[in-house]
Amino acid sequence: MMRVAVIDDEPLARLAVTARLARRTGFCVVAEYGDGASAASALPALQPDLLFVDVDMPGKSGLELLAALPPATRPMAVLLTAYDNFAIQAFGLDVLDYLLKPVDEERFDEALERARRAFPYRRAQGGHATAAPALAPLALRTFTVRVGTRTVLVGAADVERIEADGDYATLYAGDKTYLVRERLATLAGRLDPRQFQRVHRSCIVRLDMIAELRALTNRDALLRLRDGSLLRASRTYMPALMAALAAESPPP
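Residue 2 is where the sequence shown starts when you use the numbering used here, and the numbers rise one by one after that.
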């Protein structure tokens, strides 16, 4: 059972998270806090496994809260944000995912799946591990697909993008496509977020395939991939996408 603390200055926002967690197995809410300062003083003794943290709070922000926690015991964290000013610096603070308010149900499940996959590794390592190393050993490295009577192994590093096809998903690897028997939402939680990000309800993209990003007026974005393909990135997925792209880019 994963012990969860929810930190948000808006009571309704906290309720939205706790109500969703109550409908999922394997999670137990052990504390709620309405401000960052209270959470920062109580969490070291409580030692939850996972935090849902609002980025923008009066006083101590969500990022300041995470930075104030002892690195050796800092829990995994999912950031909640109502704005598009993305918290890039949080990548060194055990952040598993970014959820844009109002939180989409499918995105919420993706964040929980990442937490589930990272949790056993963290426990085996005695608690703390940064988000990227914790996920890497558990991330999906190879797809097993059926091609006629053959079973073909497709390396995740060879896949450029993945598109939803009902209850299935289509892998695009160069000039080849493969159909896999998994939903896109399931794959999004299993892939390494340092390499792949979901950009739309119907599409996952390998980050190094993105050549250009152009903001649109409705806070969506248009992506141009290196092969010339154009994809629309939904605002729901933009915080995590922008943070992942910034983490991939070397500082100037």
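Note that the Cβ used here is the ideal one computed from N, Cα and C, for glycine as well.
Shown here, R195 sits in coil according to DSSP, grouped into three states, outside any helix or strand. Under the three-state reduction of DSSP, R21 is assigned to helix. Residue pairing of D55 in beta bridges, as defined by DSSP: L81. The beta carbon of D209 lies closer than 6 Å to none in the same chain, with the five residues before and after it left out. Note on geometry: alpha-carbon atoms of A17 and S230 lie some 37 Å from one another. Annotation for G37: I8, M58, G60, K61, S62, G63, E65, L66 place their beta carbon closer than 7 Å to its own, counting only its chain and skipping 5 residues before and after. Contact between D98 and A112 holds, since their C-beta atoms are separated by about 4 Å, short of 8 Å. By the 16-neighbour rule on beta-carbons within 10 angstroms, L180 is exposed. When the Cα atoms are used, T218 and M239 turn out to be separated by approximately 14 Å. Selection I211, A244, A247 evaluated against L232 yields I211 as nearest (Cα-Cα). In terms of Cβ geometry, R162 and Y173 form a close pair [threshold 8 Å].
Collapsing the DSSP output to three states places D105 in coil. When the Cα atoms are used, E106 and R227 turn out to be separated by approximately 31 Å. For the 8 Å CB-CB criterion, D50 and F144 do not form a contact.
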